[in-house]
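Student: Each position in the sequence shown, counted from 1, maps to that position plus 602 in this note's numbering.
Glycine is no exception: its CB is placed at the ideal position from the N, C-alpha and C atoms.
None of the values given here were measured: they were computed from a predicted structure.
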Amino acid sequence: MNKKKGFTKYTGQDKVLLAIGYVLLGLFVIAIIVPMIYIVVASFMDPITLQNKGITFDFSKWTTTAYERVMTNSQIWIGFKNAIIYSVLFTVVSVVVTLLAAYPLSRADFRGRGFFNIIFMITMFFGGGLIPTYLVVSNLGLVDSMWAVILPGAFSVWNMTIARTYYKGIPQELREAADVDGASELTFFFKILLPVCTPVIAVLVLWQFVAMWNSYFDAMIYLNDSAKQPLQLVLRSILIQNQPESGMIADMQSTAARAQLAELLKYATIIISSLPLLIMYPFFQKYFDSGIMAGAVKG
603 MNKKKGFTKY TGQDKVLLAI GYVLLGLFVI AIIVPMIYIV VASFMDPITL
653 QNKGITFDFS KWTTTAYERV MTNSQIWIGF KNAIIYSVLF TVVSVVVTLL
703 AAYPLSRADF RGRGFFNIIF MITMFFGGGL IPTYLVVSNL GLVDSMWAVI
753 LPGAFSVWNM TIARTYYKGI PQELREAADV DGASELTFFF KILLPVCTPV
803 IAVLVLWQFV AMWNSYFDAM IYLNDSAKQP LQLVLRSILI QNQPESGMIA
853 DMQSTAARAQ LAELLKYATI IISSLPLLIM YPFFQKYFDS GIMAGAVKG
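(1) With DSSP run on the structure shown, which of helix, strand or coil describes residue 748?
(2) Going along the chain, which unbroken runs of the alpha helix (DSSP H) with 4 or more residues stay wholly within the region 603-680?
(3) Reducing DSSP to helix, strand and coil, say where residue 729 ends up.
(4) Quick one: measure Cβ to Cβ for residue 672 and residue 870, integer angstroms, because I've assumed they're closer than 8 Å.
(5) Contact between the region 828-842 and the region 811-820: three or more CB pairs below 8 Å?
(6) Given a cut-off of 8 Å on the beta-carbon distance, is the pair residue 657 and residue 644 in contact?
(7) List the endpoints of the continuous alpha helix (DSSP H) containing residue 756.
(8) How long is the line joining the alpha carbons of residue 766 and residue 785, rounded to whole angstroms?
(9) Starting from the Cα of residue 831, find the closest Cα among 772, 683, 632 and give me that residue.
(10) If you reduce the DSSP assignment to three classes, tell me which class residue 831 lands in.
(11) Between the Cα of residue 663 and those of 647, 678, 717, 655, spot the shortest distance and give me the residue it belongs to.
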């Protein structure tokens with residue numbers, strides 16, 4: 603009843619805008635849910651049936667061949683372990699560096715703040731490129747080590763800006779109270795400031811974990827040992843191995859079978875690689891809105 607009374611208070615124009623908003627929201631939800639259902643169902647379907655008739659909910663046409671093929675591959679589990687290690691280490695290093703860099707830049711009494719802000723912003727528009735980056739990583743002796751994947755992209759200027767803006771939103775009275783109590787700079791930062799910055803920290807953790815989990819290009823460039831490859835690179839290799847190769851025209855049946863298996867593996871690998879992120883997101887969702895909105899309120 604209260605909701606109905608509240609709705610009647612809106613003007614005709616407000617009701618039209620709300621209706622349009624609900625319709626658009628419903629379309630966005632459908633645009634997200636339909637592809638997800640398609641991918642899940644397609645990952646279980648027989649590839650011949652999928653190609654000829656599309657998806658079906660006739661369970662007699664379903665198969666677990668793709669999952670069996672992927673999960674019985676020992677390299678998958680090695681890649682899964684490596685992806686977790688890389689993602690966790692990358693997230694820890696990135697968030698720590700970002701929070702420490704953002705703090706002095708959020709202080710009005712920090713001399714040279716404008717200069718450092720300009721230097722950081724320049725890097726958002728101009729980069730050295732792949733070859734100079736590879737030469738730096740090579741000269742540091744990091745090629746074929748996990749640090750070649752973790753360190754180059756650990757610092758994000760955008761994330762630093764988000765954290766700096768959030769720091770600025772913390773009441774100045776908190777700092778003044780810490781000064782009265784005789785708290786040092788480190789005590790204030792670690793014991794007073796960081797505990798009230800949980801929303802932005804959660805957002806940074808989620809962003810960086812997802813970024814590293816989905817990354818494969820840096821690993822493909824810098825890692826030579828297959829035992830160090832992350833999950834995404836392993837899944838990419840599996841798909842490439844099952845693609846039809848040139849010179850297989852003589853064996854048309856084998857070519858068609860490999861093409862069908864590659865199509866089936868494509869959907870299964872999407873499900874397998876997405877599961878950790880789907881499990882992780884609900885734990886961070888409650889912090890997401892407040893952490894994101896911090897950067898939209900103050901600059």
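Tutor: Taking the definition as stated:
(1) Position 146 of the sequence shown, counting from 1, holds the residue named residue 748. Coil.
(2) Those alpha helix (DSSP H) runs which fall completely within the region 603-680 and span 4+ residues are 604-610, 614-644, 649-655, 667-673.
(3) For the purposes of this step, residue 729 is identified with residue 127 of the sequence shown, where counting begins at 1. Correct three-state label for residue 729: coil.
(4) Counted from its first residue, the sequence shown places residue 672 at position 70. Counted from its first residue, the sequence shown places residue 870 at position 268. Indeed they touch by this definition, with Cβ atoms about 5 Å apart.
(5) Flag = yes, the region 828-842 and the region 811-820 touch.
(6) Looking up residue 657 in the sequence shown gives position 55. Looking up residue 644 in the sequence shown gives position 42. Contact annotation: residue 657 and residue 644 have beta-carbon atoms nearer than 8 Å.
(7) On the sequence shown, residue 756 is found 154 positions in, with the first residue counted as 1. Counting along the chain, residue 756 falls outside any alpha helix (DSSP H), and DSSP gives it neither H nor E.
(8) Translated into the one-based positions of the sequence shown, residue 766 becomes position 164. Translated into the one-based positions of the sequence shown, residue 785 becomes position 183. CA-to-CA, the gap between residue 766 and residue 785 works out to about 21 Å.
(9) Your numbering for residue 831 matches position 229 in the sequence shown. Across the set 772, 683, 632, the C-alpha of 683 shows the shortest separation from the C-alpha of residue 831.
(10) Taking the sequence shown and counting its residues from 1, one reaches residue 831 at position 229. Residue 831: coil per DSSP, three-state reduction.
(11) The count along the sequence shown starts at 1 and reaches residue 663 at position 61. Measuring from the Cα of residue 663, the nearest candidate turns out to be 647.
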